[in-house]
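Okay, structure first, notes after.
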Amino acid sequence: MAEKGDDNMDVDMSNTKTTFDNLIILKELGNIINSVRNEDFLEIFPNSKFRRVKWIPMFNCLKEGTFDEMVEELSSMWEYEKMPEKLERPQLGDVKAQLRARDVANLRKQKALLESLTKEYEVRVNRLKKTISAKRGYIKVLQMEMQKYQKKNDDFIGKVNEKLENHASLVKIMVPDAVDIDDIVWTEKDMET
2 MAEKGDDNMD VDMSNTKTTF DNLIILKELG NIINSVRNED FLEIFPNSKF RRVKWIPMFN
62 CLKEGTFDEM VEELSSMWEY EKMPEKLERP QLGDVKAQLR ARDVANLRKQ KALLESLTKE
122 YEVRVNRLKK TISAKRGYIK VLQMEMQKYQ KKNDDFIGKV NEKLENHASL VKIMVPDAVD
182 IDDIVWTEKD MET
């Protein structure tokens, strides 16, 4: 089982090496093709045996084919080497900058969160202030109503007391003082009448 894993590793390593070798070969071939001009290329062939007109399109087709092979080789190498994943990881020279950028992004998120919380708390505080001021106004109105009814009540009690006093004096006026009969000294005159 372990030998199979080692064989796979060797195959992977040789594939990577092959990919890079193919790329190097294609690059060199592309450099050679790009450095050769059409006129230089046509001088290779003798005039009598070949027509010059057929070779220029063939040479251009060869250039395009080489370029297409390079693109294909690069894309397969890109996928094989998992370059998108490698690009997402921080590069050695840029680790501090990327960490700072990540910290800055986190701080911006925290700032936005804190600002939204602050706005939310301000809305709550304003709502509570309005509620408290409304309750204070209601309490003031209740106090004024209580004072008004207290005054009415005091006036009513005062009138009742006045009436009671009047009734008491009326009773005194209307009902004479009770006289004890034994204390009265009767004269003969009083007895006759």
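If you use this note's numbering, the sequence shown corresponds to residues 2 to 194, in order.
By construction, the Cβ of each residue, glycine as well, lies at the ideal position given by its N, Cα and C atoms.
Quick caveat: nothing in here was measured; it's all calculated off a predicted structure.
Per DSSP, what kind of secondary structure is residue i in: helix, strand or coil?
i: A179; result: coil
i: T188; result: coil
i: K83; result: coil
i: R38; result: coil
i: I174; result: helix
Once the 5 residues before and after residue i are set aside, which same chain residues still bring their CB inside 8 Å of it?
i: T67; result: L27, L30, G31 and I34
Residue i: which of the options sits nearest, CA to CA?
i: N61; options: E73, R38, E80 and K83; result: R38
i: S36; options: V142, W79, K64 and S77; result: K64
Using a Cβ-Cβ cutoff of less than 6 Å, which residues in the same chain neighbour residue i once the five nearest sequence positions on both sides are dropped?
i: E121; result: none
i: D181; result: none
i: R101; result: none
Which same chain residues, not among the five before or five after residue i, have their C-beta less than 7 Å away from its C-beta?
i: R109; result: none
Does residue i get closer than 8 Å to chain D when you measure Cβ to Cβ?
i: E73; result: The question asks about chain D, but that chain is absent: this structure has only one protein chain.
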